[in-house]
Amino acid sequence: MEYDIVIGMEIHAELATKSKIFCSCPTEFGADENTHACPVCLGMPGVLPVLNEKVVEYAAMAGLALNCKIANFSKMDRKNYFYPDLPKAYQTSQFDLPICTGGTVTIDTPDGKKDVGITRIHIEEDAGKLIHEGGGGTLVDVNRCGVPLIEIVTEPDLTNAEDARIFAEKIRDTLEYTGVSDCKMQEGSIRFDVNLSVKPKGSTELGTRTEMKNLNSFRALMRAVQYESKRQIIELKKGNRIIQETRKWDDAKGVSSSMRSKEEAHDYRYFPEPDLVPIVLSDERIEEIRSTLPELPEAKRLRYVNDFGLPEYDAEVLTAKKALSDFFEESVALIDEPKMISNWLMVEIPPLLKEHELTAEEIPFTPASLAELIGLIQDGTISGKIAKSVLADMFEAPEKAPKTIVDEKGLAQMNDSGELEAIIEKIVDENPKSVEDIAGGNKKAYGFLTGQVMKATKGKANPQEANKIIREKVQAKIDS
Amino acid sequence: MKISKEEVGYVADLARLSFDEAQTEKLQGDLSAVLDYVAALEKLDTTDVKPTEHVLELVNVLRPDVVGETLPIDKVLANAPEAENNAFRVPRVVE
Amino acid sequence: MKDLANKTVTELHALMAAGDTTPSEITKAVAVRIAEEEPVVEAYVTTLVDQAEEEASACDARVKEHGLAGTLDAIPYALKDNMCTDGILTTCSSKILSNFKPPYNCTVYNRLEDKGGILIGKTNMDEFAMGSSCETSALRRTTNPWNPEYVPGGSSGGSAAAVASGMAPYALGSDTGGSIRQPAALCGVVGMKPTYGLVSRYGLVAFASSLDQIGTFTKDVEDCAVVMDAIVGHDAKDSTSVPEQHIDMLTGLKSGVKGMKIGISQAFMGEGLQDEIRKSLDEAIRVYTELGAEIVDVDFTMLDYALPAYYLIASAEASSNLARYDGVRYGVRAEDYDGLVDMYVKSRSEGFGDEVKRRIMLGTYALSAGYYDAYYKKAMKVRTLIIQEYKKVYQSCDLLLTPTTATTSFKFGERTANPLEMYLSDLYTVPVNIAGIPAVSIPAGLDAKGLPIGLQLAGPAFSEDTILKAAWAYEDQTRYTDLRAPLQKK
């Protein structure tokens, strides 16, 4: 029997606020244990929460970017459970009236475009970090307690691992683009939970689902989905039942396993948070938030094709990463050479980034430097080839202007025809064989002569100029 | 309404409390009596009544996203029953 | 002998202003009273006498040079032990917080410090404010200053007893279902619970967040107005704090009740109402009529539903608010345990008393899967009906006059066997919390046993000025607030 895979996702993303959701402690990653703490996020007796306005704004922005309806009225609720990383023993979250509902995301899959429904997006707070000690104890660090999160819940619309990955990447890109979250996977600022079930092909009845939490890379997400769907199908084929449970994905071993320790009753006793008042967003306010949304990748891609005349492919690559498209646009603003800039960003820069172990966000020099470099090619100061070596130097010394590198290394092209003429004259004299070949109709010999000129000038000769002079000198030789 | 021993046990687990046999029995009686008492509410028809979550009509009480002072680490840990390496220590958490 | 410990705040202020006494003398007099009465009354969990006397002598020079900053300047006061004070023990009279020293102050403490107040102690209470007699305190047994065989009421019994015995010129308490007004009535002092949101709850250890409100204990109505005026006001740290709303409780305080409509409801005079209290109410009606107020009969049909709704709402919120006492970051952790869950269970089971556990159980049950709609949500709907009922009541009158309690104080142990019987002590005070409206309890004389009687005046939200005006007029006619509890040391 063949099976359909049904996948729904819950995505937690930390919002890019400066301070925590209910107190003014910083949200910055990587501080020493328990140094980003105050009575409020420590859940001390008698303290009260006050909601960060940026959290509401960012959550609404995320909803708008994912085509959700933004609620005119929403409220916070308490989700009660005991865990050492949860100081109040309840997580302040949203239950029945989340801030965003009913969105759609369209993804480009190998099988064409697919729509994935967004059930809801709600606001909540992150929990702390548990550090497991060898000595039989666990240490609690509250720095992450109260870092604002949104949880994005999808409809069970995904059907395979590849689509799940494409969807997850699209969510990541969108949140990153809108500036709602920095989405640093390695810092856990975006995490994926997967709900997965399988059913006989074509059946309308959903199978029993399992949940895998906190998948923190796209690779882990894909592999977990592949493994778990295969596991469920094998179980069903053996005639076994699927148990509804939370499973732990072990990325190193590539297997999921049951988390029996977490199987106790989940009775969260949600109720409206009496310490926080409702969030009311008028239609005007929602439109105001919408107007602050930056251009999303799709719109941007279209603009790159129409306004800058870039090929589809270039537009797609450049807009996939916000950092890349920002770099591109800042460069274009300085020098109107979109295709050249695109080429440099897509062809020349990536291998150097890789060599220096940098990401697209970490191009070490400024867009102004790239624009200057392209300007030097345009005005004939350097050749494209020299420019590549200047680029390599820019990775080594990003603070140096390209012009400075050219000057220091004396890389400027020889545009002085007198000097170049002398060098070419000498080369033509020294290579009578080539002149003979050309006279005999073998034009390839021009290439050899050009190569000799470049060698003699260490590549600094302006190629067009050099070619012109070589032709003149060779013709003169033949004529004489 | 009579609360069963099992219900007391279930709720106690949720609340992270434990009761011995005698206490459980007493609680069954006390809670049942209170629930009988609150059953008076059933006499009121509240079908079309909106629940009151706040007596105040306040909405959108928000603070600006500004970083403020944090508590010095010694004050963070001053009341901790057990602390180690600038962190709160608890018995090993099994995941 | 100036008898400073028996004076009101206003009187003490006048004496200092006239140069007839000094801050040190006042604090000393209170300290002496504490030394004499505290062994029997046990109103305090923590006394800060040395620290207070030091502060007072620092005030002496300042006051001499610059004069007094305001009525509360250089006057000692007490706080209920559920209000957090930086570096000072804040126990909620619970074993689980018996070692807790907060690293922060509650907002009301800061307000009173700004006015020059001198904190002289933290008062005993029912554990986590759950109780009506102070008997659930795990730390002290507070007695009624009028008769040590009787309870002071609760939960703010320590604050009530401290003021009634002259061990504090004034004190703050918290009122979730009557926890200020009921002990005020039982101890013969003025106790006021303001409109929900008028006084910041920041730093008040939460019992039931949607009902809790800080208020005052004073010897008379004018003091009540003075202290209330000092503690009200918006606080950015409390999301449920009402934005700046000025209620002038002082200017018109003594302007009388002529033309005021005072409502009376038969609902508050059912069986179980002590005859002497009923007579006090009749007397009050006479007094108000003579003063030119109009007495109006009003219907109040929701009284029987208020207490059941209250117990569900308060217990549900409490079950969540008290979950944080888990022995991880503060408080007492059990000594022997096997693993994390056992550490939680033992710390909480050993750290909380029976009444607190009972309410956590009730609240957890009411919120648990399958019961939420039948209990918690139902109670919140009934809350709406009670609010609507009050709106109707206040269309035909300005204030509602009722007894504060159905009986005067009771003996230790008298109501502890049956929790429901204890809960009924709050029957007349609870509706006010449910609606979030203000109310005051004022002394109305003594019963045959010599125990104080209290009457309650409740008005619509933000009517504190009207309530106090009516309370002052009654006090001015009856002078019941001049009565002082007999002292242990004669």
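Chains as they are written, first to last, in this note's numbering: chain A, 98 to 577; chain B, 63 to 157; chain C, 93 to 582. Note that beta-carbon positions come from the ideal geometry of N, C-alpha and C, so glycine has one too. Quantities reported herein were computed from a predicted structural model and do not represent experimental measurements.
Checklist line | Cβ-based contacts, 8 Å cut-off: residues of the region 467-484 of chain C near chain B | finding: 467, 469, 470, 471, 472, 473, 474, 475, 476, 477, 479
Check: So, is residue 208 of chain C buried or exposed, given that buried needs 16 or more other C-beta atoms within 10 angstroms?
Finding: buried
Note to self: Considering Cα atoms alone, identify which of A/317, A/433, A/416 is closest to residue 349 of chain A.
What the structure shows: A/317
Next item on the list: Could you pull out every residue in the same chain whose Cβ sits closer than 7 Å to the Cβ of residue 275 of chain A, ignoring the five residues on either side in sequence?
Entry: 158, 159, 162, 390, 391
Notebook entry, point to check: Distance, Cα to Cα, residue 328 of chain A vs residue 255 of chain A?
Noted result: 18 Å
Notebook entry, point to check: residue 294 of chain A and residue 103 of chain A: beta carbons closer than 7 Å?
Noted result: yes
Note to self: Judging by CA-CA distance, which residue of A/493, A/469, A/228, A/289 is the nearest neighbour of residue 320 of chain A?
What the structure shows: A/289
Item checked: Whole-angstrom distance between residue 313 of chain A and residue 282 of chain A, CA atom to CA atom -> 6 Å
Note to self: Restricting to Cα atoms, I'd like to know which of A/215, A/494, A/179, A/237 is closest to residue 578 of chain A.
What the structure shows: With chain A covering 98 to 577 only, the question about residue 578 of chain A has no answer from this structure.
Margin query: residue 373 of chain A and residue 245 of chain A - do their beta-carbons sit closer together than 7 Å?
Written below: no
Next item on the list: With DSSP as the reference, label residue 511 of chain A as helix, strand or coil.
Entry: strand
Check: Would a check of beta-carbon distances place residue 409 of chain C closer than 7 Å to chain A?
Finding: yes
Item checked: Integer-rounded CB distance, given that residue 342 of chain A should sit under 8 Å from residue 355 of chain A -> 6 Å
Check: CB residue 598 of chain A to CB residue 575 of chain A, shorter than 7 Å?
Finding: An answer regarding residue 598 of chain A cannot be provided, because it is not within the stretch 98 to 577 covered by chain A.
Next item on the list: Determine which residues of the region 221-234 of chain A have a Cβ less than 8 Å from any Cβ of chain B, and write them out in chain order.
Entry: 227, 228, 229, 230, 233, 234
Margin query: Give me the chain C residues within the contact set of residue 112 of chain B, using Cβ-Cβ distance strictly less than 8 Å, ordered along the chain.
Written below: 473, 476
Margin query: Please classify residue 274 of chain C as buried or exposed, where buried requires at least 16 other C-beta atoms within 10 Å of its C-beta.
Written below: buried
Notebook entry, point to check: How big is the Cα-Cα spacing for residue 437 of chain C and residue 287 of chain C?
Noted result: 37 Å
Checklist line | Within chain B, the residues that residue 464 of chain C reaches when beta carbons sit closer than 7 Å | finding: Simply none; closest approach about 11 Å.
Note to self: Output needed in chain order: residues of the region 292-318 of chain C with a Cβ under 7 Å from some Cβ in chain A.
What the structure shows: 293, 294, 295, 296, 297, 298, 301, 302
Notebook entry, point to check: Among residues of its own chain, excluding the 5 on either side of residue 542 of chain A, which ones have a beta-carbon nearer than 6 Å to its beta-carbon?
Noted result: 531, 534, 535
Check: In the structure shown, what three-state DSSP assignment does residue 361 of chain C receive?
Finding: helix
Checklist line | residue 583 of chain A burial status per 10 Å Cβ neighbour count (16 or more: buried) | finding: With chain A represented from 98 up to 577, any question about residue 583 of chain A goes unanswered, as that position is not in the structure.
Notebook entry, point to check: Where do the N-terminal and C-terminal ends of the beta strand (DSSP E) with residue 177 of chain A fall, by residue?
Noted result: 174-177
Note to self: Quick check: the Cα distance between residue 102 of chain B and residue 395 of chain C, rounded to an integer number of angstroms?
What the structure shows: 11 Å
Next item on the list: List the residues of chain C whose Cβ lies closer than 7 Å to the Cβ of residue 123 of chain B, in chain order.
Entry: 331
Notebook entry, point to check: Between residue 507 of chain C and chain B, is there a C-beta pair that is closer than 7 Å?
Noted result: no
Margin query: Can you confirm whether residue 185 of chain A, when its beta carbon is compared against all beta carbons of chain C, has any partner nearer than 7 Å?
Written below: yes
Item checked: Per-residue contacts from residue 129 of chain A into chain C (C-beta, under 7 Å) -> Here the premise fails: no neighbours, minimum Cβ distance about 17 Å.
Check: With distances taken from CA atoms, which of C/399, C/450, C/316 is nearest residue 77 of chain B?
Finding: C/450
Next item on the list: Buried or exposed for residue 360 of chain A, please, with buried defined as at least 16 other CB atoms from any protein chain shown within 10 angstroms of its CB.
Entry: A caution first: residue 360 of chain A carries a pLDDT of 49, below 50, which makes its placement in the model too unreliable to give a value.
Margin query: Determine, for residue 241 of chain A, whether the minimum Cβ-Cβ distance to residues of chain C falls below 7 Å.
Written below: no
Notebook entry, point to check: So what does residue 308 of chain A bridge to, in DSSP terms?
Noted result: A/292, A/343
Checklist line | Coil, strand or helix - residue 358 of chain A by DSSP | finding: The predicted position of residue 358 of chain A is uncertain, since its pLDDT is 48 and thus under 50; no value can be drawn from it.
Check: Ends of the beta strand (DSSP E) at residue 169 of chain C?
Finding: 168-172
Next item on the list: Could you tell me whether the region 144-155 of chain B touches the region 417-429 of chain C, using the rule of 3 or more Cβ pairs below 8 Å?
Entry: yes
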